[in-house]
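Trainee:
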Amino acid sequence: MGWFGAARDRWSNRFGDRWGRLVRWLAPPPEPGPAPGRADLGRPGEKERKQWVRRWFRPSPPAGVWLSAARQMRWGGFLALLALCLLVAAPWGFAALVGIVAVTLFTTGFVTWRTWHFAFAHAEEKPTHHHLDRTLDADLGRIAQQAMQRFRVTPDDLLPGPTGRREPVVVCGPATSARHRPDDTTARVLRFTRYVVAVVCATPDRLQVLTGTLTLESGGLGELDTHDVPWRHVAALRCATRAAKELSAHEVPGFPSPKKSALVSRELEISATDGAHLVLSEETTQPRPVELRRPVPLLDVEAWLSGLVATAPDRTGPRTDPEPAGPRRMAS
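Take any residue in the sequence shown, note its place counting from 1, add 2, and you have its number in the working numbering.
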């Protein structure tokens with residue numbers, strides 16, 4: 003680089019403190035993140051929750067872009083100073099050319115640098131994956147309570163579930179249109195933006211299921227549907243495993259993902275003689291986070307429902323048709 007690079011380095015070192023203060027003054031203010039001791043990201047609909055979930059699924063801009071932009075601005079500033087000196091020691095045309103290059107470098111670098119800082123402010127500070135898991139688990143608990151209120155049942159009305167407790171059975175899996183990204187651990191466990199949720203309430207005489215799509219960002223439950231099927235109308239249970247190609251295609255770019263693995267979906271289909279058709283699904287390749295305690299594995303749900311169907315009363319039900327009208331035989 004010669005004398006030119008040495009002069010640039012001396013100028014940068016001399017004005018380094020002032021440059022740092024200028025950079026901090028021009029940068030947008032950082033966005034606060036969740037407190038370390040916070041249990042989850044908040045209740046559905048809260049503004050902070052939406053911002054934090056969006057940040058977790060938004061990649062941070064690469065640091066190399068910031069370094070390149072800062073280097074361009076430093077070069078532009080040094081060339082501007084050099085152009086002022088050349089106005090005295092060289093022809094004005096040469097000084098003007100150096101000044102144009104200086105303005106171009108500084109302007110391009112500043113725009114890139116400013117854009118980087120805005121992108122960084124919208125992506126940081128991110129919550130941890132523990133915050134997301136506990137938030138999802140809290141949402142599933144609220145949905146289970148909503149299902150019990152909708153079906154007007156209490157824990158005493160429910161049959162013991164796969165865990166042996168009298169509580170709604172929750173099944174949760176990623177929605178087909180959900181985007182996903184890996185966490186920052188060595189396991190690279192995926193988290194999703196939307197989940198398909200099913201809450202099963204089994205009473206001695208009925209199978210009641212609430213299904214819907216949970217959006218993790220807002221906590222809202224959409225595409226809500228309820229099914230109320232007597233046990234005698236449950237006709238068949240079918241469990242199938244298939245590749246989730248549509249789900250695998252919605253990976254959020256910009257996050258390190260060292261291992262590309264295909265996602266697999268397991269589905270439990272419940273058919274009834276009255277025309278009802280239910281599908282419960284989950285993803286099987288990703289390990290279940292420790293904080294996610296509500297969902298029950300689908301294989302356990304299938305075995306549990308199979309046992310209930312096998313021990314249920316006659317599916318045809320007792321005869322309730324009225325006796326045909328006609329003369330009665332008198333007892334002798």
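For glycine and all other residues, C-beta sits at the position ideal for the given N, C-alpha and C.
Hey, how far is the Cα of Leu-249 from the Cα of Leu-160?
Mentor: Your numbering for residue 249 matches position 247 in the sequence shown. Your numbering for residue 160 matches position 158 in the sequence shown. For Leu-249 and Leu-160, the distance between alpha carbons rounds to 34 Å.
Trainee: Take every Cβ of the stretch 196-212, pair it with every Cβ of the stretch 226-243, and state whether three or more of those distances are shorter than 8 Å.
Mentor: The stretch 196-212 is in contact with the stretch 226-243.
Trainee: Which same chain residues end up closer than 8 Å to Ala-314 when comparing Cβ atoms and leaving out the 5 residues on each side of it in sequence?
Mentor: Position 312 of the sequence shown, counted from the start, is the residue given in the question as residue 314. Contacts found: Trp-233, Arg-234, Val-236.
Trainee: Confirm, please, whether the CB-CB distance from Ser-179 to Lys-52 is below 8 Å.
Mentor: Position 50 of the sequence shown, counting from 1, holds the residue named residue 52. Position 177 of the sequence shown, counting from 1, holds the residue named residue 179. The answer is no: Cβ separation not under 8 Å.
Trainee: For Val-266 versus Leu-282, is the C-beta spacing smaller than 8 Å?
Mentor: For the purposes of this step, residue 266 is taken as residue 264 along the sequence shown, with counting starting at 1. For the purposes of this step, residue 282 is taken as residue 280 along the sequence shown, with counting starting at 1. No; because the gap between Cβ atoms is not below 8 Å, this pair is not in contact.
Trainee: Kindly list the residues whose CB is nearer than 6 Å to the CB of Arg-60, restricted to its own chain and excluding five residues on each side of it in sequence; keep chain order.
Mentor: Walking along the sequence shown from the start, residue 60 turns up at place 58. Result list for Arg-60: Ala-125, in chain order.
Trainee: Per DSSP, what kind of secondary structure is Gln-53 in: helix, strand or coil?
Mentor: As a position in the sequence shown, residue 53 is number 51, starting the count at 1. Helix.
Trainee: Under three-state DSSP, which class holds Ala-314?
Mentor: Numbered from 1 along the sequence shown, position 312 holds the residue referred to as residue 314. Coil, per DSSP.
Trainee: Does the beta carbon of Ala-204 fall short of 7 Å from some heavy atom of the ligand HEM?
Mentor: Judged by which ligands are present, the structure shown has none, so any question about the ligand HEM falls away.
Trainee: Less than 6 Å between C-beta atoms, sequence neighbours within five positions excluded: which residues of the same chain meet that for Val-231?
Mentor: Within the sequence shown, numbered from 1, the residue matching residue 231 stands at position 229. For Val-231, where only same-chain residues beyond five positions count, the Cβ hits under 6 Å are Leu-209, Ala-274, Ala-278.
Trainee: Hey, could you find the ends of the beta strand (DSSP E) Glu-271 is sitting in?
Mentor: Residue mapping note: residue 271 aligns to position 269 of the sequence shown, counting from 1. First-last of the beta strand (DSSP E) with Glu-271: 266-274.
Trainee: So, is Phe-120 buried or exposed, given that buried needs 16 or more other C-beta atoms within 10 angstroms?
Mentor: Counting from 1 along the sequence shown, the entry for residue 120 is found at position 118. Exposed is the call here.
Trainee: Find the nearest neighbour of Asp-42 within the set Lys-128, Phe-108, Leu-69, Thr-243, judged by alpha-carbon distance.
Mentor: For the purposes of this step, residue 42 is taken as residue 40 along the sequence shown, with counting starting at 1. When each option's Cα is compared against that of Asp-42, the closest is Lys-128.
Trainee: For Thr-228, which beta-bridge partners are listed by DSSP?
Mentor: Indexing the sequence shown from 1 puts residue 228 at position 226. In the DSSP output, where bridge partners are listed per residue, Thr-228 has Leu-212.
Trainee: By Cβ distance, which residues of its chain are closer than 6 Å to Gly-35, with the 5 residues on each side in sequence left out?
Mentor: For the purposes of this step, residue 35 is taken as the residue at position 33 of the sequence shown. Closer than 6 Å at the Cβ level, and outside the excluded window around Gly-35, lie Glu-127.
Trainee: Among Arg-183, Phe-153, Val-191, whose alpha-carbon lies nearest the alpha-carbon of Val-201?
Mentor: The residue labelled residue 201 in the question sits at position 199 within the sequence shown. Checking every option, the nearest Cα to that of Val-201 belongs to Phe-153.
Trainee: Enumerated in chain order, which unbroken segments of the beta strand (DSSP E) with a length of 3 residues or greater are wholly contained in the stretch 144-194?
Mentor: Segments of the beta strand (DSSP E) lying fully in the stretch 144-194: 171-176, 182-184, 192-194.
Trainee: Val-191 and Gln-74 look like a contact to me (Cβ under 8 Å); what is the Cβ gap, rounded to whole Å?
Mentor: Position 189 of the sequence shown, counted from the first residue, corresponds to residue 191. Position 72 of the sequence shown, counted from the first residue, corresponds to residue 74. Contact flag wrong, Cβ pair sits at about 39 Å.
Trainee: Enumerate, from N- to C-terminal direction, the unbroken beta strand (DSSP E) stretches of 3 or more residues contained entirely within the stretch 42-128.
Mentor: Qualifying beta strand (DSSP E) stretches: none in this window.
Trainee: Find the nearest neighbour of Gln-151 within the set Gly-163, Leu-138, Pro-170, judged by alpha-carbon distance.
Mentor: In the sequence shown, the residue the question calls residue 151 occupies position 149. It is Pro-170 whose Cα lies nearest to the Cα of Gln-151.
Trainee: What residue range does the alpha helix (DSSP H) around Leu-249 cover?
Mentor: Your numbering for residue 249 matches position 247 in the sequence shown. Leu-249 -> alpha helix (DSSP H) spans 247-250.
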